[in-house]
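Colleague: Handing you a structure now.
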Amino acid sequence: MDITTLRQHWKLSSKIRLEAFRNEKDKLFSRLYPALKRPDAFSLIFIDFESLYPNANKFKTEWDKNENKFSKIK
Numbered sequence: 018m019d020i021t022t023l024r025q026h027w028k029l030s031s032k033i034r035l036e037a038f039r040n041e042k043d044k045l046f047s048r049l050y051p052a053l054k055r056p057d058a059f060s061l062i063f064i065d066f067e068s069l070y071p072n073a074n075k076f077k078t079e080w081d082k083n084e085n086k087f088s089k090i091k
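Going by the working numbering, the first residue of the sequence shown is number 18, and it counts up by one from there.
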């Protein structure tokens, strides 16, 4: 499966997969999801991260805007 199609399916199933992950005792999900063994699997993990933490990107944006203010604090 090409990565674009895989990402679409991964995003659609993210909520179900993350719920299963919370309840799973064996945290080695690469056994259940062979796609996690692909070299581009980081993009799949990022999709799940965004699903778990939808405001994470906002944090980075705010950090970048205020970075100079933070560096002045000593």
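Cβ atoms here follow ideal geometry from the backbone N, Cα and C, with glycine treated the same way. Keep in mind it's a predicted model, so treat the numbers as computed, not measured.
Drop a sphere of 10 angstroms on the beta-carbon of Arg-48, count the other beta-carbons inside from all chains shown, and report buried for 16 or more, exposed for fewer.
Modeller: When all chains shown are included, Arg-48 counts as exposed.
Colleague: Determine the DSSP secondary structure at Phe-66, reduced to helix, strand or coil.
Modeller: Reduced to three states, the DSSP call for Phe-66 is helix.
Colleague: Contact defined as beta carbons within less than 8 angstroms: I believe Leu-53 pairs with Leu-61. What is the distance between those atoms, to the nearest angstrom?
Modeller: Right, their Cβ atoms sit about 7 angstroms apart.
Colleague: Distance, Cα to Cα, Asp-19 vs Arg-55?
Modeller: Taking the straight line from one Cα to the other gives about 11 angstroms.
Colleague: So what does DSSP say about Phe-59, is it helix, strand or coil?
Modeller: Helix at Phe-59.
Colleague: Beta-carbon within less than 6 angstroms of Trp-27's beta-carbon, same chain only, minus the 5 sequence neighbours each way: which residues are those?
Modeller: Excluding positions up to five away in sequence, the list reads Leu-61 and Ile-64.
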